[in-house]
Amino acid sequence: MRDGAGATLGLLAARTVHALEEVATVPGWAREQVPVVRQRSPQVPERMWQLMEATDGGEFAVAVAGMAVVTAAAAADGYRTGGRSAFCQAALNGFGLYALVHLAQAATVRGYTPGAVTSPLPVIPFALWARGRLRGAGVLRPTRPRGAVQVLPLAAVATVGSHLAALRLVRRVRTAPRT
Numbered sequence: 355m356r357d358g359a360g361a362t363l364g365l366l367a368a369r370t371v372h373a374l375e376e377v378a379t380v381p382g383w384a385r386e387q388v389p390v391v392r393q394r395s396p397q398v399p400e401r402m403w404q405l406m407e408a409t410d411g412g413e414f415a416v417a418v419a420g421m422a423v424v425t426a427a428a429a430a431d432g433y434r435t436g437g438r439s440a441f442c443q444a445a446l447n448g449f450g451l452y453a454l455v456h457l458a459q460a461a462t463v464r465g466y467t468p469g470a471v472t473s474p475l476p477v478i479p480f481a482l483w484a485r486g487r488l489r490g491a492g493v494l495r496p497t498r499p500r501g502a503v504q505v506l507p508l509a510a511v512a513t514v515g516s517h518l519a520a521l522r523l524v525r526r527v528r529t530a531p532r533t
């Protein structure tokens, strides 16, 4: 791929813009909206609500930074391989699908949810554009439903792992003796 920087390293740039929206809005949104959404969605397990209420802005920002590391690794691998990297392409596809989840969340709560502004603006257009560039270069792997399903557990592990690591790190910093 002659000019793969935009389609590969651009993944990190688009993710950064999206992450900034999430980091700026999650704490306030959760504080105000979780009780409202909780009443509308009694089928959601109580433990999920407790986790959402317990997550503070610092912990969330650390978790987002963890996912940034994963995204940076995928983007760098994509750049290194001229866009051929399965890791980068899976991250690109997952990122585009993740934006659709944000839009579904906003539709479900009938209002704003963190990530809903940047999903239809930079995220989805970037994902479509980057896929088009990779397709035009002849390096885009065919997307099959099975492949998309295989990415979901990896994305879930990365997300949950980043949140658990953030929780441990933030708690360790908060309980460390001050000198």
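The opening residue of the sequence shown carries number 355 in our numbering; numbering runs sequentially from there.
Backbone N, C-alpha and C fix where the C-beta goes; we use that ideal spot for every residue, glycine too.
Quick one: what does DSSP say residue 473 is sitting in, helix, strand or coil? In the sequence shown, residue 473 corresponds to position 119, counting from 1. Note: residue 473 maps to helix in three-state DSSP.
Below 8 Å CB to CB, which residues in the same chain sit around residue 375 once its five sequence neighbours on both sides are set aside? If you number the sequence shown from 1, residue 375 lands on position 21. Hits under 8 Å: 468, 469, 471, 472.
Burial state of residue 488, where buried means 16 or more other Cβ atoms lie within 10 Å: In the sequence shown, residue 488 corresponds to position 134, counting from 1. Flag for residue 488 reads buried.
Meets three-Cβ-pair contact criterion under 8 Å: the segment 482–496 and the segment 394–402: no
Between residue 369 and the rest of its own chain, which residues show a CB-CB distance below 7 Å, the 5 nearest in sequence each way excluded? Here the question's residue 369 lines up with position 15 in the sequence shown. Result list for residue 369: 422, 425, 449, in chain order.
Within the same chain, show all residues whose beta-carbon is closer than 8 Å to that of residue 365, passing over the 5 residues directly before and after it, in chain order. On the sequence shown, position 11 is the one that residue 365 refers to. Excluding residues within five positions, the ones whose Cβ falls inside 8 Å are 425, 428, 429, 432, 442, 445, 446, 449, 480, 484.
First and last residue of the alpha helix (DSSP H) that includes residue 481? Taking the first residue of the sequence shown as 1, we reach residue 481 at position 127. 478–490 is the span of the alpha helix (DSSP H), which, as asked, contains residue 481.
Taking the runs of the alpha helix (DSSP H) that are 4 residues or longer, which of them lie wholly in the segment 402–450? 411–434
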